[in-house]
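Chemist: First, the structure itself, so that you have it in front of you.
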């Protein structure tokens with residue numbers, strides 16, 4: 124999904140900050156400041172690529188949930204943005220620099236506020252762990268990008284296409300997914316949402332996948348191990364007064380539909 128967009132985004136990212144690359148061996152080449160600067164340009168590009176919802180109430184609802192999650196992290200002092208994408212695909216994704224995109228298709232198909240909060244918490248966790256720029260850095264190493272970029276603009280575009288093909292911004296490793304699940308559960312609980320919502324979401328998506336495919340799985344591979352681990356992590360918060368729903372969710376889901 125968004126293959127053409129990813130190529131353009133990767134090109135913009137590379138042009139922005141490869142000057143700061145200095146080491147190999149699995150390092151993240153991007154400082155947090157560089158990542159947030161990159162994020163501003165990526166968001167500007169995505170505004171041209173995606174059909175963002177103009178429903179202010181729905182966007183505010185998603186943003187409020189997202190900011191509640193961010194407030195539980197060490198990156199609470201950074202500016203985060205939350206967008207609703209007018210798209211029926213059941214999907215959500217994070218890009219470097221504190222931006223999370225949630226499709227109306229996801230909002231319309233979850234069963235509770237805590238399931239939606241689980242999806243958002245998972246994406247915030249990817250951002251907090253800086254998985255996007257870590258994957259981009261790894262792709263640069265694999266493809267010897269540093270050398271290619273020292274050439275001309277055509278070289279940058281070629282490298283961007285290679286990075287896009289690997290899904291550097293969205294196709295995370297199993298370890299990335301495990302970390303985002305673990306962090307997401309803790310973030311949800313800290314924000315007052317039941318982590319059972321994330322487990323329920325994963326189960327719901329698995330059932331949807333059996334019925335014909337879910338875009339979410341293209342960048343967030345699901346496994347029985349992940350679902351069971353999330354359930355176990357959620358049990359730690361049993362007995363706490365955490366909410367599964369709220370007074371706005373039903374109306375917001377109708378708006379998304």
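Residue numbers (this note's numbering): 124 to 380.
Built from N, CA and C at the ideal position, the CB exists for glycine as well.
1) With a 10 Å radius around its C-beta and 16 neighbouring C-beta atoms as the bar for buried, classify residue 250 as buried or exposed.
2) Could you pull the DSSP bridge partners for residue 225 from this structure?
3) Cβ atoms of residue 216 and residue 186: under 7 Å apart, would you say?
4) Can you look up residue 258 in the DSSP assignment and give me helix, strand or coil?
5) Below 8 Å, can you find three or more Cβ-Cβ pairs linking the segment 229 to 242 to the segment 307 to 322?
6) Tell me whether residue 365 sits in a helix, a strand or coil according to DSSP, three-state version.
7) At the level of alpha carbons, what is the spacing between residue 407 and residue 247?
8) Per DSSP, what kind of secondary structure is residue 153 in: helix, strand or coil?
9) Give me, in chain order, the residues of the same chain whose beta-carbon lies closer than 7 Å to that of residue 159; leave out the 5 immediate sequence neighbours on both sides.
10) Helix, strand or coil: how does DSSP classify residue 175 here?
11) Hey, quick one: how far does the alpha helix (DSSP H) through residue 313 stretch, first residue to last?
12) Taking only the alpha-carbon atoms, compute the straight-line gap between residue 237 and residue 307 and give it to the nearest angstrom.
13) Would you decide whether residue 171 is buried or exposed? Buried here means 16 or more other CB atoms lie within 10 Å of its CB.
14) For residue 316, which residues does DSSP report across the bridge?
15) Ordered along the chain, which non-local residues of its own chain (more than five positions away) have a Cβ less than 7 Å from that of residue 184?
16) Compare the C-alpha of residue 369 against each of 199, 176, 234, 167 and name the closest.
17) Excluding five sequence neighbours on each side, which residues of the same chain lie with their C-beta closer than 8 Å to the C-beta of residue 304?
18) Among 167, 232, 210, which has the Cα closest to the Cα of residue 329?
19) In the structure shown, what three-state DSSP assignment does residue 271 receive?
20) Once you ignore the five residues that flank residue 380 on each side, which residues in its own chain have a CB closer than 8 Å to its CB?
21) Please report the residue range of the alpha helix (DSSP H) in which residue 453 lies.
22) Going by beta carbon distance, what residues of the same chain come within less than 7 Å of residue 313, once the five residues before and after it are set aside?
23) Return the CA-CA distance between residue 213 and residue 150, expressed in angstroms with no decimal places.
Modeler: Well, looking at it:
1) The residue in question, residue 250, is buried, as its Cβ has 16 or more Cβ neighbours within 10 Å.
2) 207, 215, per the DSSP bridge assignment.
3) no
4) helix
5) yes
6) coil
7) Given a span of 124 to 380 for the chain in the structure shown, any question on residue 407 remains unanswerable.
8) coil
9) 201, 220, 221
10) Residue 175: strand per DSSP, three-state reduction.
11) For residue 313, the enclosing alpha helix (DSSP H) starts and ends at 297 to 313.
12) Answer to the nearest angstrom: the Cα atoms are 12 Å apart.
13) exposed
14) 366
15) 371, 375
16) 234
17) 245, 248, 321, 349, 352, 353, 356
18) 232
19) Residue confidence for residue 271 is low, a pLDDT of 47 falling below 50, so the modelled location carries little weight; the figure read from the coordinates is stated next. The answer is helix: DSSP assigns residue 271 an H, G or I state.
20) 227, 231
21) Look at the range of the chain in this structure, 124 to 380, and you will see that residue 453 is not part of it.
22) 195
23) Straight-line measurement puts the Cα of residue 150 at about 33 Å from the Cα of residue 213.
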